[in-house]
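Taking it in order: structure first as structure tokens, then the write-up.
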């Protein structure tokens, strides 16, 4: 008598090459194992949800774009601050103006600027040097004439610079002094800076030229050209 094949040949159609006996002796797969084999992955679940919720998918994409742009902008700002601006003019050094005339003290004077740039920040000192006061710095209207003033609110952008200075200057009344703030806007052209200066009074803006120089000494030599008149009012 032939053994009865309870599994039957039809049971192995899905697995050709496996005998009925091998099919009967196989280890049964548990329900949990079957669920694990066919359970969707995290990517599958996310993809399915996005397909079923197009609005959510669009919002996520917009959020990712915004995050990417914000990161790129921040990185670009840091890169700009790290790499020096190759187009920025060289302003660091000492500069001396043409002679200007102060109507209050009836004397000519020069601006002496010692400037230095750090990226887009400009700082340094400024002086109003009166040649006739050299050697008489502690007497009368010459007192404090050569005292340095700090360069404040300094900025440099390419060839354009701007800054302000706060001075303590003699007034039109004897032995009285006034506080005056002057603002300077200049354009660098090689070893020259053409400035426009404004003060807190209603006086018109004054234009003058500064040239780079090596400060071998503080005593200026009078340069060719007509002196420019400047004035300051009592405050």
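Residue numbers (this note's numbering): 27 to 261.
Cβ coordinates follow ideal geometry from the N, Cα and C atoms, glycine included.
Only a predicted model underlies this, so the values are computations on that prediction, with no experimental measurement involved.
Strictly by DSSP, which residues pair up with residue i?
{"i": "residue 142", "result": "149"}
{"i": "residue 211", "result": "188 and 222"}
{"i": "residue 199", "result": "None, per the DSSP bridge assignment."}
So which of the options has the shortest CA-CA distance to residue i?
{"i": "residue 236", "options": "126, 71, 89 and 78", "result": "126"}
{"i": "residue 195", "options": "120, 225, 220 and 187", "result": "225"}
{"i": "residue 173", "options": "186, 155 and 187", "result": "155"}
{"i": "residue 222", "options": "131, 229, 233 and 130", "result": "233"}
{"i": "residue 140", "options": "177, 93 and 184", "result": "177"}
{"i": "residue 205", "options": "193, 215, 214 and 94", "result": "193"}
{"i": "residue 137", "options": "116, 157 and 77", "result": "157"}
{"i": "residue 129", "options": "91, 199 and 78", "result": "199"}
Who are the near neighbours of residue i in its chain, counting only those whose CB is closer than 7 angstroms to its CB and skipping five residues on each side?
{"i": "residue 101", "result": "none"}
{"i": "residue 142", "result": "118, 149 and 150"}
{"i": "residue 241", "result": "120"}
By the 10 Å Cβ neighbour count, where 16 or more other Cβ atoms means buried, how is residue i classified, buried or exposed?
{"i": "residue 182", "result": "buried"}
{"i": "residue 212", "result": "buried"}
{"i": "residue 134", "result": "buried"}
{"i": "residue 227", "result": "exposed"}
{"i": "residue 145", "result": "exposed"}
{"i": "residue 239", "result": "exposed"}
{"i": "residue 201", "result": "exposed"}
{"i": "residue 220", "result": "exposed"}
Can you find the residues in the same chain that come closer than 6 angstroms, C-beta to C-beta, to residue i, ignoring five residues on each side of it along the sequence?
{"i": "residue 191", "result": "152, 175 and 208"}
Taking 8 angstroms as the limit between beta carbons, can you name the residues of its chain near residue i, skipping five residues before and five after?
{"i": "residue 179", "result": "188, 189 and 190"}
{"i": "residue 218", "result": "235, 236, 237 and 238"}
{"i": "residue 84", "result": "none"}
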